[in-house]
Each structure stands twice: as C-alpha cells, then as structure tokens.
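Asker:
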Amino acid sequence: KQEVTQIPAALSVPEGENLVLNCSFTDSAIYNLQWFRQDPGKGLTSLLLIQSSQREQTSGRLNASLDKSSGRSTLYIAASQPGDSATYLCALAYSGAGSYQLTFGKGTKLSVIP
Amino acid sequence: NAGVTQTPKFRILKIGQSMTLQCTQDMNHNYMYWYRQDPGMGLKLIYYSVGAGITDKGEVPNGYNVSRSTTEDFPLRLELAAPSQTSVYFCASSATTREFFGPGTRLTVL
C-alpha cells in the first residue's frame with residue numbers, strides 16, 4: 005500500500021523567505037503527483053501537477069520537483085508572502101490503485117509571518 | 004461556470020439518521036470522486052465514478068452509497084449515520100488527471 009508522508013507538519017517563516025516543503029512516497033510506480041493548497045474551511049486548489057515522465061513543473065513563484073527513484077517530491081516557494089499561508093497537500097496516483105485515484109499526504113501547514 | 008458545487012455546507016445528524024450529500028459539476032467531466040477529511044489527516048477516497056452509470060469503491064466505502072445517473076451529479080448517501088462519519092466531505096471531478104474540488108460539507112453525527 006502506498007504511504008505518502010509530508011514533513012514538516014507545520015512550518016512558520018518570516019515574509020520574504022524562500023522555503024521548501026517535502027513529500028515522500030513508498031511506491032515509485034506513480035502516474036503523476038500533484039501539489040494542492042487548502043485554505044481554512046475551503047476546498048482544495050490544484051497548484052502543480054507533475055507527470056511521471058517529468059522532473060519538475062513551475063508556476064510563478066512555485067516550483068515542484070519529482071524524483072521517483074528516491075520517492076520524493078519538493079515544493080519550492082520563492083519570496084514567501086503572508087497570502088501563501090495555507091495547508092499544502094501532496095497527492096499522487098499510482099498503479100496499485102488506478103490512474104485516477106489520488107492518495108494524499110496529511111499536509112504541511114504553512115504560516116508566513118509579516 | 005460554477006465548477007463543483009456541494010450542498011449542504013453544514014449538517015448535524017443524530018445517530019441512525021440518513022442523508023444525502025449533493026454534488027454537481029458543470030465542466031462535463033467524466034470522473035467524479037467523494038473524499039472525506041478528518042482533522043489533521045489527508046483526504047481518503049470513499050467512492051469514485053468514471054462515467055454515468057459506473058461507480059466503484061475507494062479506500063473507505065463502508066457506511067456509504069453512491070449513484071451516478073447523469074454526468075453532472077454524484078450524490079453520496081449515508082444510510083445509518085454513526086459518530087465515526089463525522090468529517091468534512093469533499094466532492095471532486097476531473098477530465099483527466101487534474102482534479103477540481105468543491106468547497107466541502109462539514110458533517111457532525113451526534
């Protein structure tokens with residue numbers, strides 16, 4: 005069974021810092037990996053999706069990388085802002101559960117202090 | 004284009020009661036999903052559907068039922084509510100791999 009782990013569970017940084025969120029997984033036979041953002045009391049918003057054949061994806065100040073061989077993905081946030089405060093979840097689809105079923109980590113709660 | 008909508012936003016049930024959580028999407032997506040999220044946990048898949056008339060169990064299907072009579076709607080049914088079903092329920096839809104989520108329904112069973 006796939007296990008998805010996100011470390012740290014919570015992170016607090018001052019505004020303007022660059023930061024990295026980590027996601028690790030146990031079964032490397034994945035189809036894709038997504039990073040989501042969840043604001044309190046809200047649904048999830050997909051930030052970046054990396055296909056199995058890709059190494060990274062970028063969107064604005066966000067960069068996500070994928071290393072299947074080591075079972076790791078990172079989400080890099082440049083020049084953090086208070087508006088980045090949210091919980092970030094990684095989720096992946098893997099062959100053991102079907103290409104359209106996502107397995108989620110528990111998330112990292114990010115606080116950016118002004 | 005409303006995306007994925009869910010009703011109700013909040014609900015309190017007594018043990019043994021039944022209810023249906025509604026989910027509608029207007030993006031003509033074939034794939035639809037129901038997840039539950041418990042405090043401090045990631046989302047767990049309850050049921051999913053790959054098209055009208057086709058549904059299948061996810062990781063935690065016990066105590067729930069679904070139907071998919073149209074492309075747009077994917078209701079989730081709780082027949083005999085139990086305290087263990089207290090959670091936030093999210094519906095999602097997708098055309099391919101990127102899933103779009105609704106705002107969630109917060110359910111409390113007392």
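If you read the protein sequences in the order shown, they are chains P and W.
Numbering-wise (the numbering used here), the first sequence opens with residue 5 and increments by one.
Numbering-wise (the numbering used here), the second sequence opens with residue 4 and increments by one.
The beta-carbon is built from N, C-alpha and C at its ideal position, and this holds for glycine as well.
Could you check the C-alpha separation between G75 of chain P and P42 of chain W for me, to the nearest Å?
Answerer: Position 71 of the first sequence holds residue 75 of chain P. Position 39 of the second sequence holds residue 42 of chain W. Each residue's alpha carbon lies about 26 angstroms from the other.
Asker: Locate the beta strand (DSSP E) running through L15 of chain P, then write down its first and last residues.
Answerer: As a working note, residue 15 of chain P is residue 11 in the first sequence. Segment 14-18, the beta strand (DSSP E) holding L15 of chain P.
Asker: Identify whether Q10 of chain P lies in helix, strand or coil by the three-state DSSP scheme.
Answerer: Locating residue 10 of chain P in the first sequence gives position 6, counting from the first residue. Strand, per DSSP.
Asker: With hydrogens ignored, establish whether the beta-carbon of R101 of chain W is closer than 8 angstroms to any heavy atom of the ligand SAM.
Answerer: Absence of the ligand SAM from the depicted structure is noted, as is the absence of any ligand whatsoever, leaving it without description.
Asker: When DSSP builds the beta bridges, which residues end up paired with N113 of chain P?
Answerer: Your numbering for residue 113 of chain P matches position 109 in the first sequence. Looking at the sequence provided, one finds Lys at residue 113 of chain P rather than Asn. Bridge partners of K113 of chain P: P:A14, P:T91.
Asker: Taking P118 of chain P as the reference, which of P:Q85, P:F108, P:A95 has the closest Cα?
Answerer: For the purposes of this step, residue 118 of chain P is taken as residue 114 along the first sequence, with counting starting at 1. It is P:Q85.
Asker: Distance cutoff 9 angstroms, beta carbons only. Does R101 of chain W sit that close to anything in chain P?
Answerer: Working through the second sequence from its first residue, we reach residue 101 of chain W at position 98. So yes, R101 of chain W belongs to the interface.
Asker: Quick check on the burial criterion: 16 or more other C-beta atoms within 10 angstroms. Buried or exposed for V112 of chain W?
Answerer: Indexing the second sequence from 1 puts residue 112 of chain W at position 109. That one is buried.
Asker: Just tell me which of P:L51, P:R59, P:F40, P:L53 has its CA closest to the CA of L46 of chain W.
Answerer: To locate residue 46 of chain W, count along the second sequence from 1; it is residue 43. Residue P:F40 is the option with its Cα nearest to L46 of chain W.
Asker: Can you tell me whether DSSP reads Q85 of chain P as helix, strand or coil?
Answerer: Taking the first residue of the first sequence as position 1, residue 85 of chain P is located at position 81. Note: Q85 of chain P maps to coil in three-state DSSP.
Asker: Quick one: measure Cβ to Cβ for G47 of chain P and G61 of chain W, integer angstroms, because I've assumed they're closer than 8 angstroms.
Answerer: Here the question's residue 47 of chain P lines up with position 43 in the first sequence. Here the question's residue 61 of chain W lines up with position 58 in the second sequence. Actually they do not touch by this definition, with Cβ atoms about 18 angstroms apart.
Asker: By the three-class DSSP mapping on this structure, what secondary structure does Q88 of chain W have?
Answerer: Along the second sequence, read from residue 1 onward, the residue named residue 88 of chain W stands at position 85. Three-state result, Q88 of chain W: helix.
Asker: Should G109 of chain P be labelled buried (16 or more other beta-carbon atoms within 10 Å of its own) or exposed?
Answerer: Translated into the one-based positions of the first sequence, residue 109 of chain P becomes position 105. Label assigned to G109 of chain P: buried.
Asker: What residues in its chain sit with their C-beta under 7 angstroms from that of E82 of chain W, if we drop five residues either side in the sequence?
Answerer: For the purposes of this step, residue 82 of chain W is taken as residue 79 along the second sequence, with counting starting at 1. So the qualifying residues of the chain are S21, N68.
Asker: Rounded to the nearest angstrom, what separates Q2 of chain P and S73 of chain P at their Cα positions?
Answerer: Within the shown structure, residues of chain P are numbered from 5 to 118, placing residue 2 of chain P beyond reach of any answer.
Asker: Quick check on the burial criterion: 16 or more other C-beta atoms within 10 angstroms. Buried or exposed for T49 of chain P?
Answerer: To locate residue 49 of chain P, count along the first sequence from 1; it is residue 45. Exposed.
Asker: DSSP three-state call for M22 of chain W: helix, strand or coil?
Answerer: Mapped onto the second sequence, residue 22 of chain W falls at position 19. If DSSP states are grouped into helix, strand and coil, M22 of chain W belongs with the strands.
Asker: Does any CB atom of chain W fall closer than 9 angstroms to the CB of G47 of chain P?
Answerer: Translated into the one-based positions of the first sequence, residue 47 of chain P becomes position 43. Judged by the 9 angstroms Cβ criterion, G47 of chain P is in contact with chain W.
Asker: How many Å lie between S16 of chain P and G105 of chain W at the Cα?
Answerer: The residue given as residue 16 of chain P occupies position 12 in the first sequence. The residue given as residue 105 of chain W occupies position 102 in the second sequence. So the two alpha carbons sit approximately 28 angstroms from each other.
Asker: Based on the DSSP secondary-structure assignment, which residues constitute the bridge partners of Y158 of chain P?
Answerer: This structure cannot speak to residue 158 of chain P, because chain P is shown only from 5 to 118.
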